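Novice:
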Amino acid sequence: MNEQDLNFYNSHFEEIKDINVIQKFSFNHKTKTFDGKIALKREKSDIEFNVNIPEDYPFRDIRFICSSMIGYPHQNYDKSVCLNTPFINHIYSRLELDIEKLKGWVYQYVEQEKSDEHYEYSPAQYGGTVDFLFQEGEYQQERFDQSRFGEMCYSILNTHTSNKKISRISAICQKIGNKEIEWSSSYKKKEKHIGIWVFINQEPVFTRKHRIDNWADLVPLFPEGFLSYFEDFCKRTANYKLGAKTFQDKILLSVGYRIPNHKRKEEIHWDLILLPKNQFPRKQRNSSQKLGNSIQNITWEQSYNSDYQRFFGRGALTNKITNSKILIIGVGALGSSIAEILVRGGIKSLSINDIDIVEAGNICRSIFAFSDVGSSKSAQLKAKLTSISPFVEIDITDNIVPYSPKSEKYEELKTELQKFDIIFDCSANNGIIQMLSDMELKSKVYYLSMTNKAKEMICISNIDCISMIERRNQMLFSLNGIQEAEFREGTGCWHPTFEASYFDINQLLHYTVKKINSSFALNLPQKSFYTYFENEVISSSEDIKFIQKELGLTISIESACLDTIFDLVWQHYPKEFGGIFVGNYINNYKEVVISDVIIPQNFKSSFMGFQPDPNDFNRQLKKIYDKSNGKVVYIGDWHSHPNSNNQFSTPDFQSIKSVAKSSKVNTHNPILMIAAFGKDYFDPGFYVYFQDKLYKYEKIK
Ligand SMILES: [Zn+2]
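Under the working numbering, read the sequence shown as residues 5 to 705, first letter to last.
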């Protein structure tokens, strides 16, 4: 005990002019608190508070307990006031603030009788034996027209033991208030026990918010006929085991009533009471004991509304995703993690397809556990996901294997796949992505894969790609070429794998899911993109598309390229600047993908012209060509028009024409891009050279 603190508290409260100290502070060695009693002087009458200041104040909170008042907002069941003062590590300042808050509470809630906009559950003395989870949405008047009491049905979610005895249970409600509760099938299938429910017309509280704590006060709130129904229930179920072990001598009684919800409407709250079974007349035994006079005090149990909205209230994916039927093909490192992200985000229907079993080497970068080794990946994942959310139905399939269009099974599987709204292909199987590309499904398909050492994660969408596999290959070529996996577990392993850590994979994966979620939420077109680390920060580059309708040609340029160009042209402002594009052609040369820009080391530039050194370009192109095994090639030229528009000039035309006519260039239809920009605009104009003319592209939104 700190003598200095004690003296400080006594002298400080003495000095506050609208506080009288009724009982000086002294140290309570049992509770380790400085206890005293004060009166707050008010116009009408003074209000007395017992004050407990913990030895460790302000690390722990001061308590002001007002025995003369109950049931006010922000007043706990033990009559202490909930002040919610911000933390300050300074006894004097914190005490000043706490006293200010206390005065504010008295003024607002006691004198002005203000009521909060938000409903506050009425505090009660809780038994600490059961956690009772129910689901309630908006209150419907007609729900209790038929009956206002009946049998309740519940299942045990889990049991907690101490000293080898069950000390506490969690129970989920299956049926209550004339309604079945909708949990996912594995929860609905659980063993059921019965209890009783009653719906009352008002909250079981007195003097504002103080929870009723004895039967004499509660019984008058019960609807007519309930007491005799209850007696009958006890007799009728005399030979039943009403609950799980340890609770077999209890009757669960749930009391429901209307409370306001956050949408300014109403919902039902169900409270729970455990009644000792042996205190009520069972069978035809004569007994005078009845509900209401048999036991005096009521002990309430904890109960929670756990409906879908509440369960995912703190954060969920957009409902455009959660209401979709989703399939994940391949549940290794990527597939298992994305499954967990989606389930925690509130999805309701998920199918998983994988025939592999869990190996020890899988654990370090997936959501599987060591104890899962040797089990089926799908089955273990299903169990895990089911334990996370009671709202998701998970289906395991094993029929998704690569079929060529020639196969009998091809059409059958295609029909099957069309039933899904969203498909994530995390299988890293070339046959699967080829098949999904060929099928041209209506479903939104995302192909996800990592590059070596988790430097990038690529996400190819079938919505913006005619051929997913071509775009996938192209993306891999441009991202440092296709690298051979080289990690081997021990010697003699015939199947090398990529190295990638759980944290790297999941940073990119979470970012990828965030981007997909935003595109659904904002109704944006689905795009292919990749995410990558740049100086330990995650960025992404998505495909931006331009179309030339007359010729039926498209350009996909990675947004990272346009960002690079934007930075470069401003660096050289107000002079012109430029470079060349590299990438490749896909979709029978109808689509060109621009994946990078090359800039010259040597060039001449002015306000109205730009001349790069072609030898410089050739050297750089050769390097890229060799590194990518000839997959990444020259696509066209670009230069800037500072403070102007993206119309090409005569010299611009002549220059691209000479490129097209050159026998040394791989294409006769080079792209020309003019990056027009100024203070508040950046307007790249794309053209293709075709039969002695330049054709302009339009941007696809
Ligand atoms: Zn120009």
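We put the beta carbon where it would ideally sit given N, CA and C, even for glycine. Keep in mind the model is a prediction, meaning the values are calculated, not measured.
#1: Roughly how many angstroms lie between the CA atoms of Val663 and Glu540, to the nearest whole one?
#2: For Gln658, which of Ser310, Asp696, Ser258, Asp687 has the nearest alpha-carbon?
#3: Which runs of the alpha helix (DSSP H) at least 4 residues long sit entirely within the segment 180 to 216? Give them in chain order.
#4: Is it the case that the CB of Phe652 approaches a heavy atom of ligand 1 more closely than 8 Å?
#5: Since Ala337 sits in a beta bridge, which residues does DSSP pair it with?
#6: On a CA-only basis, which of Trp574, Lys388, Cys177 is nearest Glu195? Give me that one, please.
#7: Tyr61 and Ile263 - do their beta-carbons sit closer together than 9 Å?
#8: Taking all protein chains shown into account, do 16 or more other C-beta atoms lie within 10 angstroms of the C-beta of Tyr158, making it buried, or fewer, making it exposed?
#9: Can you say whether Ser292 is buried or exposed, counting buried as having 16 or more other CB atoms within 10 angstroms of its CB?
#10: Could you tell me if the beta carbon of Pro655 falls within a distance shorter than 8 Å of some heavy atom in ligand 1?
#11: Please go through the segment 594 to 665 and give each complete beta strand (DSSP E) segment of 3 or more residues, from N-terminal end onward.
#12: Considering Lys388, what are the terminal residues of the alpha helix (DSSP H) in which it resides?
#13: Please state the DSSP three-state secondary structure of Gly349.
#14: Just to confirm, is the Cβ distance from Ser532 to Ser505 under 9 Å?
#15: For Ala564, which residues from the same chain have a beta carbon less than 6 Å from its beta carbon, with the 5 sequence-adjacent residues on both sides left out?
#16: Whole angstroms is fine: what's the gap from Ser666's alpha carbon to Asn588's?
#17: Quick check: what's the CA-CA separation for Asn673 versus Ser379?
#18: Please report the residue range of the alpha helix (DSSP H) in which Glu460 lies.
#19: How about Lys448 and Asp429: do their beta carbons lie closer than 9 Å?
#20: Shortest alpha-carbon distance to Ile69 belongs to which of Gln605, Cys463, Val636, Asp82?
#21: Out of Ile404, Met612, Gln478, which has the shortest C-alpha to C-alpha gap to Ile333?
#22: Would you report the Cα separation of Glu420 and Tyr450, rounded to the nearest angstrom?
#23: Starting from the C-beta of Leu87, find all residues in its chain whose C-beta is less than 7 Å away, skip the five residues before and the five after it, and write them out in chain order.
#24: DSSP state of Ala128, grouped into three classes?
#25: Whole beta strand (DSSP E) runs in the segment 81 to 140 with 3 or more residues, listed along the chain?
#26: Could you give the residue range of the beta strand (DSSP E) that holds Tyr308?
#27: Please state whether DSSP places Phe428 in a helix, a strand or coil.
#28: Taking only three categories from DSSP, how would you classify Arg67?
#29: Please classify Asp360 as buried or exposed, where buried requires at least 16 neighbouring CB atoms within 10 angstroms.
#30: Kindly examine ligand 1 and report whether one of its heavy atoms sits closer than 8 Å to the Cβ of Glu580.
#31: Verify whether the separation of the beta carbon atoms of Lys281 and Gln252 is less than 9 Å.
#32: Does DSSP classify Gln283 as helix, strand or coil?
#33: Does the beta-carbon of Asp275 have 16 or more other beta-carbons within 10 angstroms, so that it is buried, or is it exposed?
#34: What does the alpha-carbon distance come out to for the pair Ala383 and Leu338?
#35: Quick check on this structure: which residue in Phe581, Val347, Gly336 has the alpha carbon closest to the alpha carbon of Ala373?
#36: Based on Cα-Cα distance, which residue from Ser166, Met156, Ser49, Val55 lies nearest to Glu115?
Specialist: Based on what the coordinates show:
#1: C-alpha separation (whole angstroms): 40 Å.
#2: When only C-alpha atoms are compared, the closest one is Asp696.
#3: Runs of the alpha helix (DSSP H) spanning 4 or more residues and lying entirely within the segment 180 to 216 occur at 189 to 192, in chain order.
#4: Phe652 Cβ: within cutoff of ligand 1.
#5: Its beta-bridge partners do not exist; DSSP assigns none.
#6: Measuring from the Cα of Glu195, the nearest candidate turns out to be Cys177.
#7: No; because the gap between Cβ atoms is not below 9 Å, this pair is not in contact.
#8: The residue in question, Tyr158, is buried, as its Cβ has 16 or more Cβ neighbours within 10 Å.
#9: In this prediction, Ser292 has a pLDDT of 47, which is less than 50 and means its spatial position is unreliable; what the coordinates show is noted afterwards. The residue in question, Ser292, is exposed, as its Cβ has fewer than 16 Cβ neighbours within 10 Å.
#10: Because some heavy atom of ligand 1 lies under 8 Å away, the Cβ of Pro655 counts as near it: yes.
#11: Listed in chain order, they are 595 to 602, 607 to 609, 614 to 616, 637 to 646.
#12: Element bounds for Lys388: 381 to 392.
#13: Reduced to three states, the DSSP call for Gly349 is coil.
#14: No, the Cβ-Cβ distance between Ser532 and Ser505 is not below 9 Å.
#15: Only Ser545 meet the Cβ criterion.
#16: Counting only the Cα atoms, Asn588 lies some 19 Å from Ser666.
#17: Whole-angstrom Cα-Cα distance: 56 Å.
#18: It is not in any alpha helix (DSSP H) - Glu460 instead sits in the beta strand (DSSP E) that spans 460 to 465.
#19: Cβ atoms of Lys448 and Asp429: not closer than 9 Å.
#20: The shortest Cα separation from Ile69 among Gln605, Cys463, Val636, Asp82 belongs to Asp82.
#21: Nearest in C-alpha terms to Ile333, of all of Ile404, Met612, Gln478, is Ile404.
#22: Here the alpha carbons of Tyr450 and Glu420 stand approximately 17 Å from one another.
#23: In its chain, beyond the 5 residues on either side, Asp102, Lys105, Leu106, Trp109 have a beta carbon closer than 7 Å to the beta carbon of Leu87.
#24: Three-state result, Ala128: coil.
#25: Unbroken beta strand (DSSP E) runs of no fewer than 3 residues, entirely contained in the segment 81 to 140, are found at 130 to 138, following chain order.
#26: Looking at the DSSP string, the run of the beta strand (DSSP E) that includes Tyr308 is 304 to 309.
#27: Here Phe428 sits in strand by DSSP.
#28: Three-state result, Arg67: strand.
#29: Exposed is the call here.
#30: The answer is yes for Glu580.
#31: Yes, the pair counts as a contact, with Cβ atoms nearer than the cut-off.
#32: The answer is helix: DSSP assigns Gln283 an H, G or I state.
#33: Asp275 comes out buried.
#34: Approximately 17 Å between the Cα atoms of the pair.
#35: Among Phe581, Val347, Gly336, the Cα nearest to that of Ala373 is on Gly336.
#36: Among Ser166, Met156, Ser49, Val55, the Cα nearest to that of Glu115 belongs to Ser49.
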